[in-house]
Amino acid sequence: MNRTPEQISLHEWDRLHDDLVAAGLPQPSYGGPLSRHVPDGDLRLPRLRYDNSPAALRLWNFLLTEEDRLAAARTEGKQLVGTMKDLGTVPVMAYSSPSLVAFYPDGAWWIPCVMELSAGLLEVADSLGIDESFCPVRAMLGAFLTEAHFPIPDLLTCNVGATCDDFSAIAQRLNGLGYPILWWESPHRRAPDPGEASVELPGGFVAPEAQVAFVHDELERVRRALAHIAGRTITDAMLAEGITTANKVRSTLDELRRLAYAAEPCPMPALEMLIAEMLAIHFCSDRDECLAVLDELLAEVRSRVDAGLGALAGGAVRVFWVNPVADLRVMNMLEQAGGRICGTEYLFCHALDPIPEDLPPMEALARMALADPMTGPTADRADRICRDIGLFGSEAVVVSQIPGASHCATEGAVIRDTVGARLGIPVTEIEVPPVADAMAPTIRNRLDALLETARARRETLSATHEPVRTTT
Amino acid sequence: MIGAGIDAGSRAIKVALYDDERDTVVATDVLDQGVEQVALAKGLFEKLLEDNGLDRGNVSRVVGTGYGRSILDFVDSTITEITCHARGVRRVSPGARTIIEIGGQDSKLIRLNPEGAVRDFAMNDRCAAGTGRFLEMVAARLDVPLEKLGELARGSHSPAPISSMCVVFAETEIIGLLASGSAPEDIVAGVQTAIVKRVAAMAGRTMDEPVSFTGGVAMVPGMVEALQDALGRPVSVATDPQMTGAVGASLLAANR
Amino acid sequence: MTVLYSCPFVPAEWIAAHGLRPSRVTVRPAHATAPGLGVGVCPYANAFLQEVSVPGNGAAVVFTTTCDQMRRISERMDPGQPVFVMHVPTTWQTTAAQRLYRDELLRLGRFLEGLGGRPPSPERLADTMIAFDEARAKLRDARGALSPRQFSEAIAHFHHTGQVSLPANATPASSPGVPLALAGGPMMSHHFDLFDLIEQHGGAIVLDATTTGERSLPPPFDRRALRDDPIGELAGAYFGHIPDAFRRPNSRLYTWLRDAVAERGIRGIILRHYLWCDTWHAEVQRMREWDLVPVLALHAEQDESLGIRTTARLQAFLEMLL
Chain A
1 MNRTPEQISL HEWDRLHDDL VAAGLPQPSY GGPLSRHVPD GDLRLPRLRY
51 DNSPAALRLW NFLLTEEDRL AAARTEGKQL VGTMKDLGTV PVMAYSSPSL
101 VAFYPDGAWW IPCVMELSAG LLEVADSLGI DESFCPVRAM LGAFLTEAHF
151 PIPDLLTCNV GATCDDFSAI AQRLNGLGYP ILWWESPHRR APDPGEASVE
201 LPGGFVAPEA QVAFVHDELE RVRRALAHIA GRTITDAMLA EGITTANKVR
251 STLDELRRLA YAAEPCPMPA LEMLIAEMLA IHFCSDRDEC LAVLDELLAE
301 VRSRVDAGLG ALAGGAVRVF WVNPVADLRV MNMLEQAGGR ICGTEYLFCH
351 ALDPIPEDLP PMEALARMAL ADPMTGPTAD RADRICRDIG LFGSEAVVVS
401 QIPGASHCAT EGAVIRDTVG ARLGIPVTEI EVPPVADAMA PTIRNRLDAL
451 LETARARRET LSATHEPVRT TT
Chain B
473 MIGAGIDAGS RAIKVALYDD ERDTVVATDV LDQGVEQVAL AKGLFEKLLE
523 DNGLDRGNVS RVVGTGYGRS ILDFVDSTIT EITCHARGVR RVSPGARTII
573 EIGGQDSKLI RLNPEGAVRD FAMNDRCAAG TGRFLEMVAA RLDVPLEKLG
623 ELARGSHSPA PISSMCVVFA ETEIIGLLAS GSAPEDIVAG VQTAIVKRVA
673 AMAGRTMDEP VSFTGGVAMV PGMVEALQDA LGRPVSVATD PQMTGAVGAS
723 LLAANR
Chain C
729 MTVLYSCPFV PAEWIAAHGL RPSRVTVRPA HATAPGLGVG VCPYANAFLQ
779 EVSVPGNGAA VVFTTTCDQM RRISERMDPG QPVFVMHVPT TWQTTAAQRL
829 YRDELLRLGR FLEGLGGRPP SPERLADTMI AFDEARAKLR DARGALSPRQ
879 FSEAIAHFHH TGQVSLPANA TPASSPGVPL ALAGGPMMSH HFDLFDLIEQ
929 HGGAIVLDAT TTGERSLPPP FDRRALRDDP IGELAGAYFG HIPDAFRRPN
979 SRLYTWLRDA VAERGIRGII LRHYLWCDTW HAEVQRMREW DLVPVLALHA
1029 EQDESLGIRT TARLQAFLEM LL
């Protein structure tokens, strides 16, 4: 069925779904109309706008049925691993064992948005003394205590050290409530001292070999714990296979991003791209299906790009987005204002880079974990953002502040100053709470101002035939 | 002899006189706070005495409490409003185990042991979003009298979520909600919900019953219902909730 | 050269043994947010940055990773000022973490050499450690003879100068107030007024469990181990024994507090935390639920003098305990 790509409402998706099914659309077991999730409490869905492709339908259904998959995994006798603050390392290890399923409890931070606060998770966090001066990931505490959103895992791991104090404090609160946690540490990534043995990390950072060795040893502890609950050794061969499969996900995502962010007009909207990227962290609890979902999305994007079709109008301002948003609706808002996502750094760019396959697997994973943008200086993060802006040709930058997050107080200025000095493109900061409806005019105002500035700059550059400055 | 309590709040001055021999609160009065706080408090105290045929010689002790207690130079001692409200509420609700007091500028949660002594407390005096100030702001924005807010909120089917910690930015949110066509009843309900949720957060995970609601905001229609919803348990409004601090101070003045 | 720092996991004797002057900063309140810092910056981190960033002060600054905001504040320092970021492991139960801490001390040593310091011989290091150990012992011994404020200020002075200076007019608490513990992160200079305020309302701080106070003192060194492996003993004493909220897990803080509460007959804990300090803020409700003794939470903003809010809370807390 030929369809013009566009964004549609949930109601329109119901009608389209019926048409697709009537036309013989094959669906996975978790398929169905998106609106069926609304009675389960996903009240935000009617307020969002969606890409109208079957690939997007599958992506959304995949995301919204994770809870069912985790419950099924538990029933089948698999062991569940909750990998906290770990943006892409331990899940790769866990999925190397067939009896383990890893998931990302931090993902509960979207539940208040998706359920429009109806689940009461933030109130539970409040009652534990973790109020709104903490990051919205505090919703995770509510999810653990209510046990209403995921089964309590058999093993909880948490990455600490040079990560994020908010999350560390929230996880410690969880631990204090009686949930055992295996803590593993990331050191503050630094440049090697003169004469110090160093290694190159995925993504281009360079770090001391000693730091990689430390993380290697930490991950070995995690490996032993995983093996213990799996009831079998996790061999290097199994890890190597796990890395290979994870890299398939990453390479698919890489191609998807390159195509989607570079093409004109924009072939796939921001919200679907955000969800696709998030899948890279933990595969949404089903690694093989995750790959299938991304493959289908990539095929859709390819066909649109080949046909010169876009889900958004041409000429939208190309925006690089820094940090994930607590309210998904803001991604729609950008597009309604005339912008499009053209590059992202959602705090886990290292989870999008390929894990080296020419190294012993644990060494490879250690290098990848140390490449986490949170563990190093903000200047490193700003460097990578500038590099990716050049790669994708972004015209403006949005830094989304996460209310209460400890890194946001200082990093915004560093990123803004670096981007401004090197690239001269406009940057704005916005703060997005879990339900941003009441803040919508304020947020929209900033986005409008940013896009106007970018358009004016575009016209000026066009008039003077000046190329966009890129990183030297 | 008379024990006198003076609650010098941020919005109003309250005075109570307690007759120790008859074990009765013989008189109370309230006056809006002003610039000349000491003079206003002293004037109200003396007027209350005079209106009841008493003079300073009949008074064994005067206890000052409330936000402005430290400048009341004519009182014999000062006691915090935590202790005074606890005492005052126990007077009118003898079995109360949890007290929630929401005033114009702050809110408090006080836990009592079975004997009525303060066991623990929490205060929000830094953020106006959990206080009467927030209600006043929304009443002004919507041009609705404070006493009509409850009635308006009862018509809400979908309280608007207010996310800001600060009432100044919450006002921005309310402007945004109005601009986007949100119904006034939903906005008021949202504000009520935000206030009581902030108060509920002070309670932590456990709360002993009975729960007593006091302070000026307890007199605003609709608030006790909103608080009950937020706490998930029955809440009763203390008798004469604006006066419990002054009454408690007068009892403490008489060593009761 | 002076080496400025604020974290108790930076051993002063290590710096002194290199021939440099260690100075743990007692931060004065800042009255504005430093340029480039946004909403959500911790008042202490903001004030520390401004305290140490005085142009031409010729000092080097050591930051640690015990606090994420402090770690990131280090990036706002002037590039011309020598800065070292020391990773103090959050985990503590593994030999890898213990080894990392020791390695970081050695790396700090190389930084100090870059400033003109001389790597100490084991004997020199041991002697320096003994000198500091004896100074700390002198401080501890003086506790009973000083008022709570004097004792805490003496600790701060020692950290700032390396010298124990006891006031000539040592005045132990005039009346036995309700024994309390003061817990939390580092204090700024004006926060010592809290001691007086607490006394005025009938309390007495018998345990300064803040980062600035007694909690941050390492235990006495094992003199034999010190001679055999001074740096091992140094690392073990600091990393292995200072309880803190940032550690994962931070159970040792609670064990230490429980023992201290029992030993000193403490009847209440005042837990101070800065606005936007997640590490200590997250412990408030947990400590209340622990239910060992009543807990009062105070949170401090930028330049807040100890005004009505703090006074009201303290007074109510003491009324409750009395």
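Residue numbers (the working numbering), protein chains in the order written: chain A, 1 to 472; chain B, 473 to 728; chain C, 729 to 1050.
No residue lacks a Cβ here, since even glycine has one placed at the ideal position from N, Cα and C.
Just so we're clear, the structure is a prediction, and the values are computed from it rather than from any experiment.
Residue burial classification, residue i (beta-carbon count within 10 angstroms, cutoff 16)
{"i": "residue 470(A)", "result": "With a pLDDT of 41 at residue 470(A), under the threshold of 50, the modelled position of that residue is not reliable, and the figure given next carries that caveat. With fewer than 16 other Cβ atoms within 10 Å, it is exposed."}
{"i": "residue 497(B)", "result": "buried"}
{"i": "residue 172(A)", "result": "buried"}
{"i": "residue 1013(C)", "result": "buried"}
{"i": "residue 866(C)", "result": "exposed"}
{"i": "residue 46(A)", "result": "exposed"}
{"i": "residue 546(B)", "result": "exposed"}
{"i": "residue 515(B)", "result": "exposed"}
{"i": "residue 473(B)", "result": "exposed"}
{"i": "residue 152(A)", "result": "exposed"}
{"i": "residue 617(B)", "result": "exposed"}
{"i": "residue 897(C)", "result": "exposed"}
{"i": "residue 834(C)", "result": "exposed"}
{"i": "residue 445(A)", "result": "exposed"}
Under 8 Å by beta carbon: chain E residues contacting residue i
{"i": "residue 1036(C)", "result": "Among the protein chains of the structure shown, namely A, B and C, there is no chain E."}
Spatial distance of residue i from residue j (CA atoms)
{"i": "residue 628(B)", "j": "residue 564(B)", "result": "33 Å"}
{"i": "residue 396(A)", "j": "residue 412(A)", "result": "14 Å"}
{"i": "residue 357(A)", "j": "residue 84(A)", "result": "25 Å"}
{"i": "residue 327(A)", "j": "residue 40(A)", "result": "19 Å"}
{"i": "residue 656(B)", "j": "residue 499(B)", "result": "40 Å"}
{"i": "residue 25(A)", "j": "residue 131(A)", "result": "46 Å"}
{"i": "residue 177(A)", "j": "residue 144(A)", "result": "10 Å"}
{"i": "residue 460(A)", "j": "residue 273(A)", "result": "30 Å"}
{"i": "residue 282(A)", "j": "residue 290(A)", "result": "9 Å"}
{"i": "residue 228(A)", "j": "residue 707(B)", "result": "50 Å"}
{"i": "residue 893(C)", "j": "residue 874(C)", "result": "12 Å"}
{"i": "residue 429(A)", "j": "residue 323(A)", "result": "10 Å"}
{"i": "residue 337(A)", "j": "residue 112(A)", "result": "25 Å"}
{"i": "residue 75(A)", "j": "residue 237(A)", "result": "28 Å"}
{"i": "residue 483(B)", "j": "residue 576(B)", "result": "6 Å"}
{"i": "residue 118(A)", "j": "residue 669(B)", "result": "13 Å"}
Cut-off 6 Å between Cβ atoms - residues of its own chain near residue i, not counting five sequence neighbours on either side
{"i": "residue 751(C)", "result": "730, 732, 888"}
{"i": "residue 878(C)", "result": "895"}
{"i": "residue 485(A)", "result": "Shown here, chain A extends from 1 to 472; a query on residue 485(A) therefore has no answer."}
Same chain only: Cβ atoms within 7 Å of residue i, ignoring 5 sequence neighbours per side
{"i": "residue 330(A)", "result": "432, 436, 443"}
{"i": "residue 939(C)", "result": "736, 913, 914"}
{"i": "residue 196(A)", "result": "208"}
{"i": "residue 86(A)", "result": "157, 159"}
Own chain, CB closer than 8 Å to residue i, minus 5 neighbours either side, in chain order
{"i": "residue 198(A)", "result": "192, 206, 207, 208, 209"}
{"i": "residue 816(C)", "result": "735, 737, 792, 793, 794, 829, 832, 967"}
{"i": "residue 419(A)", "result": "382, 385, 386, 389, 397, 425, 427"}
{"i": "residue 480(B)", "result": "505, 509, 513, 536, 537, 538, 539, 540, 541, 543, 544"}
{"i": "residue 452(A)", "result": "none"}
{"i": "residue 995(C)", "result": "906, 907, 908, 1021, 1022, 1049"}
Expected contact under 8 Å - CB spacing of residue i and residue j to nearest Å
{"i": "residue 376(A)", "j": "residue 189(A)", "result": "4 Å"}
{"i": "residue 175(A)", "j": "residue 977(C)", "result": "6 Å"}
{"i": "residue 634(B)", "j": "residue 666(B)", "result": "4 Å"}
{"i": "residue 478(A)", "j": "residue 67(A)", "result": "Not covered by the structure: residue 478(A). The range shown for chain A is 1 to 472."}
Self-check item: Ordered list of alpha helix (DSSP H) runs contained in the region 619-687 of chain B, each at least 4 residues
Solution: Within the region 619-687 of chain B, complete alpha helix (DSSP H) segments of at least 4 residues are found at 621-625, 639-651, 656-674, given in chain order.
Exercise. Ignoring anything shorter than 3 residues or poking outside the region 109-178 of chain A, list the beta strand (DSSP E) runs there in chain order.
Key: Within the region 109-178 of chain A, the complete beta strand (DSSP E) segments at least 3 residues long are 155-161, listed from N- to C-terminus.
Quiz item: Hey, which unbroken runs of the alpha helix (DSSP H) at 4 residues or more fall wholly within the region 33-86 of chain A?
Solution: Within the region 33-86 of chain A, the runs of alpha helix (DSSP H) that reach at least 4 residues and sit entirely inside it are, in chain order, 54-64, 66-75.
Quiz item: Hey, which unbroken runs of the beta strand (DSSP E) at 3 residues or more fall wholly within the region 313-392 of chain A?
Solution: As far as the region 313-392 of chain A is concerned, its whole beta strand (DSSP E) runs of at least 3 residues are 317-322, 339-345.
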